[in-house]
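Single-structure report; data block below.
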Amino acid sequence: MAAAAAAAAAQAEGDPEPPGGKRRPHGMLKLYYGLPDPAGEALADAARGDLGGPIDINGPHFDPEIYLTKLRKECPLAQLMDCETDMVKQIRALDSDMQTLVYENYNKFISATDTIRKMKNDFKKMEDEMDCLAANMAVITEFSARISGTLQDQHEQITKLSGVHALLRKLQFLFELPARLTKCVELAAYGQAVRYYSKARCILHQYQHMPSFRGIQDDCQKIMADLAQKLREKFRDGGSGAKDLAECVELLLQLGEPAEELCDEFLSHAHCRLETELQTLEAELGDGPCLMASGPATDILEFTDRGCNSFVSNICLVIASYQELFIHREGTQGIARMAHDKLVAFVDGLMGRYFALVERRIQLEKGVGDNSLLVRALDRFHRRLQALAKLLPASRAAAEGTEIVVRAAKERIRQYLQALESFYLDCLTDVRQSLAAPRLVGKENPSLAELLGTISASILNQIKSVLTYVHLFTAKDINFSNKPYFKGEFCSQGVREGLVVSFIKSLCQIARQFCESSGDKGGSSPPALLLLLSRLCLDYETATISYILTLTDEQFLVQDHSPVTPVTVLCTEAREAAQKLLNHYVKVQGLIISQMLRKSVETRDWISTIEPRNVRAVMKRVVEDATSIDVQVGLLYEEGVRKAQSSDSSKRTFSVSRQQGRYAPSYTPSAPMDTNLLSNIQKLFSERIDIFSPVEFNKVSVLTGIIKISLKTFLECVRLRTFGRFGLQQIQVDCYYLQLYLWRFVSDENLVHFLLDEIVGSTAHRCLDPVPMEQSVIEVICERG
């Protein structure tokens, strides 16, 4: 029936009957022809329903009647049957999941039930045992009370008799005490004598008002006074062994001798011996001026070995003996704190003097080469102080010794930084001498590129050598390299920041000082040196800084979280220094050429000058200097980008065709417009030329800047002079000659043309009789000259 109903529905909708008498479902035909299936969409919408509404099958307000009514209205029979099949599958899947969940947790439920039942039985048994224990304790308490009551009378009698017996024995001991003490002193049994006297001292003191006890006390005190004198003589002798000295101290303390005096006396004898050793070390250092002139007699490693093997070793022996005598022995707990404080003060005082001598010797190490001896000496010094710290942890000697090592490392880094800066200045001095040295016959001076390579390689090798020397402070076999300072701050703040970064900043700073207009460096710096330093700083910005810092970070394992200067900051500083040097180089070279042009304009009488026959020598000199600068800059910088040049750049005419219209009205009575107004209007529409704009790092930009400064100076000098007819013609010849050659050096030839046009135009404005020279004549003069 379902199939018949589907066929009837298909016929009612007018589906074509396919060959063979079978009809395709309506939805299949829709999908076949790419049309939407309204029935499928309606079923999907009905399945989704309104969220939270009566037809939302997952919602709390779901109404099956409304849901089925909606499905029957919107979906065909085939879709309804498919939906029914799908729901049956989902129901079966849910039933299967529920059964699986129950089976998986069934064993856990059984185990939990057994555990609860067992706990209930155990607690019941425990309660029974506790009740039994309480009953037994009550019985025991009752029996104990009965026994105590029965034996009470006998216990008191026994206690009384025992006390009487003990008292009699003590009285017998007291009466025999003087004889016992005398016998012990004769047999040198000093310890036994002191023990006897210690037992009876309190009793004798308590009953000294009785004549018999007073006599015994006087005899005992006399005997013990003689014994104390013998023990003091033995203690002061100092030749006895440690065991005998310890026994003497212990007996003297038991006899009531002041512990503070004994400690002071012991430390006084030790101080005399150690003072002699300190004086020996001080005598080796000698006086300051004499020592600075002659230098130390021995190297620092030998000095450190002598101090450690004599003074430090002996003070460690003193500490061990003192602690054994006054601090760690039984019966000295009452004075341990006082004795310990005295020992700490004694050791710190002597070690302070020793540290002062060590620092004086370290300061004498002024060499900036291999510092292996210094590192080895500091390592032995630090190792020996660790042994002292184990003997006396409260002393600050070990901490102060570590601070000395740290200060020595910092001072060494400072010395290496000064050495690098001095080496850099020496390299610059050598470069200046090479640039200023006259050329020898048959031998060429090194070029700028060779000088740059030499100074760059020398500085880099020097930095590597210094890093190798400094790396000895962090070697694995060096004891103090395990300290937190040498693992962190020394590597990051000391070597990287204090040495490498500081030197790079100093290098850029020293280079920038050559740009100062005042002072020795700025006034006498050759332009070639400025160019070389500019390229050096640029090379540092592009590669060298990154290489040096990477090498430092890898060699010293600088941590990423350390507050260090980023590479980008140093590269920016180096690039700024390079830019400043290159700008100053352009300024200096431009001013040199400008000075020639200014003198050539100011020292000539332009009104009464003769008709031009040649190009002036200063113009040839300008072209020669520009060519020389072009070669010089080309040795260090790339060519750069030029604008497309016209085919007639070298033959461009401006003196007649272009400029005649500009200054013709000044001598033509029928001029319709003021020439100044016309010139100003033309300038409004022309591109502004920035004379002192920053220079790019290429040859074309450098030459463009120099030529702009030179021609601008030429223009300003022309505006301050008055010209005659031939003066104007001479300027035409000079400008045409400059135009023939200078356009090759600049990035945009129109810039040269514009400035030369301005020069000729300004000359025409300042001319009393502005009659220009024919272009053909100008060309002949320039070709001939």
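Residue numbers for the sequence shown follow the UniProt record's numbering, so the first one is 1 and each next one is one higher. Glycine residues also receive a C-beta, built at the ideal position from the N, C-alpha and C atoms. None of the values given here were measured: they were computed from a predicted structure.
Terminal residues of the continuous alpha helix (DSSP H) containing residue 704? 699–719
From the DSSP output, read off the bridge partner residues of residue 723. Note: residue 723 is bridge-paired with 767 in the DSSP secondary-structure output.
Rounded straight-line distance, which links the Cα of residue 782 to that of residue 541: 45 Å
Residue 544 - DSSP class collapsed to helix/strand/coil: helix
Assuming residue 406 contacts residue 497 (C-beta within less than 8 Å), just tell me the rounded distance between them. With 8 Å as the limit, residue 406 and residue 497 do not qualify as a contact, their Cβ atoms being about 16 Å apart.
If you run the structure through DSSP and keep just helix, strand and coil, what is residue 273? helix
Report the residue from 353, 417, 266 whose alpha carbon sits nearest the alpha carbon of residue 319. 266
The alpha helix (DSSP H) spanning residue 345 covers which residue range? Counting along the chain, the unbroken alpha helix (DSSP H) around residue 345 starts and ends at 336–363.
Do residue 720 and residue 764 have their beta-carbon atoms positioned less than 8 Å apart in this structure? no
Rounded to a whole number of angstroms, what is the C-alpha to C-alpha distance between residue 547 and residue 481? 25 Å
Rounding to the nearest angstrom, what Cα-Cα distance links residue 261 and residue 360 in this structure? Their backbone Cα atoms lie some 36 Å apart in a straight line.
Between which two residues does the alpha helix (DSSP H) harbouring residue 772 extend? Neither: residue 772 is in no alpha helix (DSSP H) and is coded neither H nor E.
Starting from the C-beta of residue 270, find all residues in its chain whose C-beta is less than 7 Å away, skip the five residues before and the five after it, and write them out in chain order. 318
Neighbourhood of residue 768 by C-beta distance below 8 Å, restricted to the same chain and skipping five residues each side: 607, 722, 723, 724, 725
With burial defined as no fewer than 16 other Cβ atoms inside 10 Å of the residue's Cβ, what is the status of residue 325: buried or exposed? buried
Taking the alpha helix (DSSP H) that residue 411 falls in, what are its first and last residues? 397–436
Taking the Cβ atom as the reference point for each residue, do residue 625 and residue 699 lie within a distance shorter than 8 Å? no
Exposed unless 16 or more other CB atoms sit within 10 angstroms - verdict on residue 780: exposed
Pick from 743, 745, 596, 717: whose alpha carbon is nearest that of residue 762? 717
Under the rule that 16 or more other beta-carbon atoms within 10 Å means buried, what is residue 247, buried or exposed? Counting every other CB atom within 10 Å of its CB across the protein chains shown gives residue 247 a total of 16 or more, marking it as buried.
CA-CA distance, residue 635 and residue 534? 13 Å
Please classify residue 802 as buried or exposed, where buried requires at least 16 other C-beta atoms within 10 Å of its C-beta. Beyond the ends of the chain as shown, which are 1 and 785, falls residue 802; an answer cannot be given.
Would a check of beta-carbon distances place residue 511 closer than 8 Å to chain B? Of the chains in the structure shown, none is chain B; there is only one protein chain.
Would you call residue 127 buried or exposed, if buried means 16 or more other Cβ atoms sit within 10 Å of its Cβ? exposed
With DSSP as the reference, label residue 58 as helix, strand or coil. In this structure, DSSP gives residue 58 a state outside helix and strand, which the three-state scheme calls coil.
Flag this pair as yes or no: are the beta carbons of residue 747 and residue 642 separated by less than 8 Å? yes
So, with DSSP's three-state summary, where would you put residue 527? helix
Out of 758, 186, 504, state which residue places its alpha-carbon closest to the alpha-carbon of residue 569. 504
Could you give the DSSP three-state label for residue 614: helix, strand or coil? Correct three-state label for residue 614: coil.
Is the stretch 699–710 in contact with the stretch 731–746, if contact means three or more CB pairs nearer than 8 Å? yes
Buried or exposed (CB count within 10 angstroms, at least 16 for buried), residue 79: buried
Neighbourhood of residue 660 by C-beta distance below 7 Å, restricted to the same chain and skipping five residues each side: Bear in mind that the predicted position of residue 660 carries a pLDDT of just 38, short of 50, making it too unreliable to give a figure here.
Taking C-beta to C-beta, are residue 380 and residue 305 nearer than 8 Å? In this structure, residue 305 lies closer than 8 Å to residue 380 by Cβ.
May I have the straight-line CA-CA distance separating residue 307 from residue 400, to the nearest angstrom? 16 Å
Tell me where the alpha helix (DSSP H) around residue 478 begins and ends. It is not in any alpha helix (DSSP H) - residue 478 carries neither H nor E in the DSSP assignment.
Within the chosen definition, does the stretch 575–583 reach the stretch 504–515 through at least 3 CB pairs nearer than 8 Å? yes
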